[in-house]
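The structure appears below as structure tokens.
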Amino acid sequence: MFDRHRLMDAPLRDFLRSLPAVRELVLDMFCAASLDVAAELGIPAYFFFASSASILAIYLNLPSVVANMGRSFAELGDSPFSLPGAPPFRAADLPKIVLDDDDATRAFLRLLERMPESNGILVNTYESLEARAVHALRDGACVPGRPTPPVYCVGPLVTGGGDDKHECLEWLDAQPDSSVVFLSFGSRGTLPKKQLQEIAVGLEKSGQRFLWVVRSPRSDERKFGDPLPDAEPDLDALLPEGFLERTKRQGLVVRSWAPQVEVLRHRATGAFVTHCGWNSTLEGITAGLPLLCWPLYAEQRLNRVLIVEEMELGVALRGYDEEVVKAEEVEAKVRWVMESEGGRALRERATAEKCRAVEALNEGGSSHAAFVEFLNSL
Ligand SMILES: *[C@@H]1O[C@H](CO)[C@@H](O)[C@H](O)[C@H]1NC(C)=O
Numbered sequence: 001m002f003d004r005h006r007l008m009d010a011p012l013r014d015f016l017r018s019l020p021a022v023r024e025l026v027l028d029m030f031c032a033a034s035l036d037v038a039a040e041l042g043i044p045a046y047f048f049f050a051s052s053a054s055i056l057a058i059y060l061n062l063p064s065v066v067a068n069m070g071r072s073f074a075e076l077g078d079s080p081f082s083l084p085g086a087p088p089f090r091a092a093d094l095p096k097i098v099l100d101d102d103d104a105t106r107a108f109l110r111l112l113e114r115m116p117e118s119n120g121i122l123v124n125t126y127e128s129l130e131a132r133a134v135h136a137l138r139d140g141a142c143v144p145g146r147p148t149p150p151v152y153c154v155g156p157l158v159t160g161g162g163d164d165k166h167e168c169l170e171w172l173d174a175q176p177d178s179s180v181v182f183l184s185f186g187s188r189g190t191l192p193k194k195q196l197q198e199i200a201v202g203l204e205k206s207g208q209r210f211l212w213v214v215r216s217p218r219s220d221e222r223k224f225g226d227p228l229p230d231a232e233p234d235l236d237a238l239l240p241e242g243f244l245e246r247t248k249r250q251g252l253v254v255r256s257w258a259p260q261v262e263v264l265r266h267r268a269t270g271a272f273v274t275h276c277g278w279n280s281t282l283e284g285i286t287a288g289l290p291l292l293c294w295p296l297y298a299e300q301r302l303n304r305v306l307i308v309e310e311m312e313l314g315v316a317l318r319g320y321d322e323e324v325v326k327a328e329e330v331e332a333k334v335r336w337v338m339e340s341e342g343g344r345a346l347r348e349r350a351t352a353e354k355c356r357a358v359e360a361l362n363e364g365g366s367s368h369a370a371f372v373e374f375l376n377s378l
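As structure tokens, this is what we get:
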């Protein structure tokens, strides 16, 4: 992937030259190599960082951390790790690409090292959600020995779906307020059949209403970047025998996809079991829902730390970093969030956070002001 980006330099250069007047370029983090094209054409370049400010704080620091570290992250294992702008985390919570030690790792670190060369970094977050990270970034504590470009927190940017009313929204219409647990593992998240079965047993035993998006299981040979299995899941073959029939009044299983933003904002939805991708996290927060964290890959284990330890907007399902999350754990956490005093307190914090997210985007709010500041800098 990194090599292919480099091959895009020439077409990008031609494209930019063909346009009448390109005033600035906004790049995804993975396109840091395009900084060279921007520099050659004299076009200021910015980044849009699609994850949190805390992840940005960690990532910007990683190249120098790695350069100064005697051993590998893998050797550090479970020992806690502290970097400016982020709560303590385990080295093992870092993305796999950082934990590995190969060409892709070096290419990734090189991208991160180049981000401070930009004219600014837009981040999909808002200041009050991540005050610690925002301050550390502004103080220059995350890029040792070099200046940090301006960081503009312009989120939460969340886009909702289409016009057609999906069948699951009609089902939600018939459910009581805040009574349904929604489970979805993101656009790339797939679980093995064994895990799907544990979830099914746990949900059924919890007695709580659920709406569950099930994708076809991943094959063990699938590598990062390989296409996802596009076959619709065969629910009868994947889920325990009789499950769909027994739970037809308790829950709904949807194949492959649901209009997530609409589901999360539906009055009947009461909690969100999420893989902690940053889009999903913001979608859950802006819907005011408590989060049950089940990280799968990339920076999602770090997001879990943020959500649980720093923001206190969720709890984790035990076992996500082991072989399987057991049915008993699914049942226990679903009941906890829906039935317990602790779950009620969590819901109240989530509701309050939703209001702060709205305020940030309103005129006079921090994200609105940051976006105006960004426009003025152009
Ligand atoms: C996150 O949301 C944005 C905006 O809706 C979308 O363009 C992007 O593809 C999403 N990212 C992932 C990983 O789904």
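Position 119 of the sequence shown, counted from 1, bears residue number 119 in the numbering used here, the numbering being contiguous throughout. Here a beta-carbon is modelled for each residue, glycine too, at the ideal position from N, C-alpha and C.
* Asked: Could you name the residues, in chain order, whose CB is less than 5 Å away from a heavy atom belonging to ligand 1?
  -> 159, 187, 279
contact_flag[the stretch 50-62, the stretch 102-121] where n(CB pairs < 8 Å) is 3 or more: yes
Go ahead and label residue 375 buried or exposed: buried means 16 or more other beta carbons lie within 10 angstroms of its beta carbon, across all protein chains shown. Residue numbering aside, residue 375 sits at position 375 when the sequence shown is read from its first letter. So residue 375 counts as exposed.
Review point. In this structure, does DSSP put residue 321 in helix, strand or coil?
Key: Position 321 of the sequence shown, counted from the first residue, corresponds to residue 321. Three-state DSSP puts residue 321 in coil, outside helix and strand.
query: Is residue 257 helix, strand or coil by DSSP?
result: By 1-based counting over the sequence shown, the position of residue 257 is 257. Residue state, collapsed to three classes: coil.
For this session: Please name the residue, chosen from 201, 55, 187, that lies closest to residue 216 on a Cα-to-Cα basis.
Result: Here residue 216 refers to the residue found at position 216 when the sequence shown is read from its first residue. Comparing Cα-Cα distances from residue 216 to each of 201, 55, 187, the minimum goes to 187.
| message | Once the 5 residues before and after residue 198 are set aside, which same chain residues still bring their CB inside 7 Å of it? | response | If you number the sequence shown from 1, residue 198 lands on position 198. Cβ neighbours of residue 198 beyond the five flanking positions: 324, 325, 326, 327, 330.
Residue 379, buried or exposed, once every other Cβ within 10 Å from all chains shown has been counted against 16
The displayed coordinates of the chain run from 1 to 378. Any statement about residue 379 would go beyond what the structure contains.
> residue 405 by DSSP, collapsed to three states: which one?
Replying inline: No statement about residue 405 is possible, as the shown extent of the chain runs from 1 to 378 and does not include it.
request  = Ignore the nearest five residues each way along the sequence and tell me which others in residue 175's own chain have a CB closer than 7 Å to its CB.
outcome  = Within the sequence shown, numbered from 1, the residue matching residue 175 stands at position 175. If we look at residue 175 and ignore the five residues flanking it on each side, its Cβ neighbours are 209, 268.
- Message: Helix, strand or coil, according to DSSP, for residue 122 in the structure here?
- Response: For the purposes of this step, residue 122 is identified with residue 122 of the sequence shown, where counting begins at 1. Here residue 122 sits in strand by DSSP.
Requested in this report: Look at residue 72 and residue 101 and say whether their C-beta atoms are less than 7 Å apart.
Outcome: Here the question's residue 72 lines up with position 72 in the sequence shown. Here the question's residue 101 lines up with position 101 in the sequence shown. Yes, these two residues count as a Cβ contact at 7 Å.
Beta strand (DSSP E) segment containing residue 108, residue limits: Taking the sequence shown and counting its residues from 1, the one referred to as residue 108 is at position 108. No beta strand (DSSP E) contains residue 108, which is instead part of the alpha helix (DSSP H) from 103-114.
What residue range is occupied by the uninterrupted alpha helix (DSSP H) comprising residue 343? Reading the sequence shown from its first residue, position 343 is the one you call residue 343. First-last of the alpha helix (DSSP H) with residue 343: 341-361.
Considering only residues of the stretch 128-156, which uninterrupted beta strand (DSSP E) runs meet the minimum length of 3 residues and lie entirely inside it, listed in chain order?
151-153
Item to complete: Round the Cβ separation of residue 295 and residue 275 to the nearest angstrom and send it over; I've been treating them as touching at under 8 Å.
Response: Locating residue 295 in the sequence shown gives position 295, counting from the first residue. Locating residue 275 in the sequence shown gives position 275, counting from the first residue. The pair is a contact, with the Cβ atoms about 6 Å apart (cut-off 8 Å).
Check: In terms of residue numbering, what span does the alpha helix (DSSP H) encompassing residue 173 cover?
Finding: Against the sequence shown, residue 173 aligns to sequence position 173. Residues 167-173.
Residue 287 versus residue 47: straight-line alpha-carbon distance, rounded | Your numbering for residue 287 matches position 287 in the sequence shown. Your numbering for residue 47 matches position 47 in the sequence shown. Cα to Cα, residue 287 sits roughly 27 Å from residue 47.
Where residue 286 falls: helix, strand or coil (DSSP): Here the question's residue 286 lines up with position 286 in the sequence shown. In the structure shown, residue 286 sits in a helix (DSSP, three-state: H, G or I).
Would residue 41 and residue 16 be called neighbours here (beta carbons separated by less than 7 Å)?
Here residue 41 refers to the residue found at position 41 of the sequence shown. Here residue 16 refers to the residue found at position 16 of the sequence shown. Yes; because the gap between Cβ atoms is below 7 Å, this pair is in contact.
Among 97, 22, 342, nearest to residue 291 - alpha-carbon criterion: Taking the sequence shown and counting its residues from 1, the one referred to as residue 291 is at position 291. Residue 342 is the option with its Cα nearest to residue 291.
Would you identify the three-state DSSP class for residue 377, choosing helix, strand or coil?
Here residue 377 refers to the residue found at position 377 when the sequence shown is read from its first residue. It is helical.
State yes or no: is the C-beta of residue 171 within less than 7 Å of the C-beta of residue 244?
-> Looking up residue 171 in the sequence shown gives position 171. Looking up residue 244 in the sequence shown gives position 244. Result no, Cβ atoms of residue 171 and residue 244 do not sit closer than 7 Å.
| message | If the criterion is Cβ atoms closer than 7 Å, does the pair residue 49 and residue 123 meet it? | response | Looking up residue 49 in the sequence shown gives position 49. Looking up residue 123 in the sequence shown gives position 123. Contact: yes.
Which residue wins for smallest C-alpha separation from residue 381, given the options 74, 98, 2?
In the structure as shown, the chain starts at 1 and stops at 378, and residue 381 therefore has no counterpart that could be examined.
* Considering only residues of the same chain and omitting the five flanking positions on each side of residue 23, which have a CB-CB separation below 7 Å? -> One-based indexing of the sequence shown puts residue 23 at position 23. Excluding residues within five positions, the ones whose Cβ falls inside 7 Å are 378.
Residue 294 - DSSP class collapsed to helix/strand/coil = Indexing the sequence shown from 1 puts residue 294 at position 294. Correct three-state label for residue 294: coil.
>> Considering only their Cβ atoms, is the gap separating residue 259 from residue 189 smaller than 7 Å?
In response: Working through the sequence shown from its first residue, we reach residue 189 at position 189. Working through the sequence shown from its first residue, we reach residue 259 at position 259. No, these two residues do not count as a Cβ contact at 7 Å.
Of the residues 263, 369, 178, 305, which one's Cα is nearest the Cα of residue 55?
Locating residue 55 in the sequence shown gives position 55, counting from the first residue. Among 263, 369, 178, 305, the Cα nearest to that of residue 55 belongs to 305.
Review point. Is it right to say residue 51 is buried, meaning 16 or more other beta carbons lie within 10 angstroms of its own, or is it exposed?
Key: Within the sequence shown, residue 51 is the residue found at index 51, counting from 1. The residue is buried, with at least 16 neighbouring Cβ atoms inside 10 Å.
task: Report all residues from its chain with a CB closer than 6 Å to the CB of residue 128; omit the five preceding and five following residues, and keep chain order.
output: On the sequence shown, residue 128 is found 128 positions in, with the first residue counted as 1. 356.
| request: Going by DSSP, name the residue or residues bridged to residue 59. | output: Taking the sequence shown and counting its residues from 1, the one referred to as residue 59 is at position 59. DSSP output for residue 59 lists no bridge partner at all.
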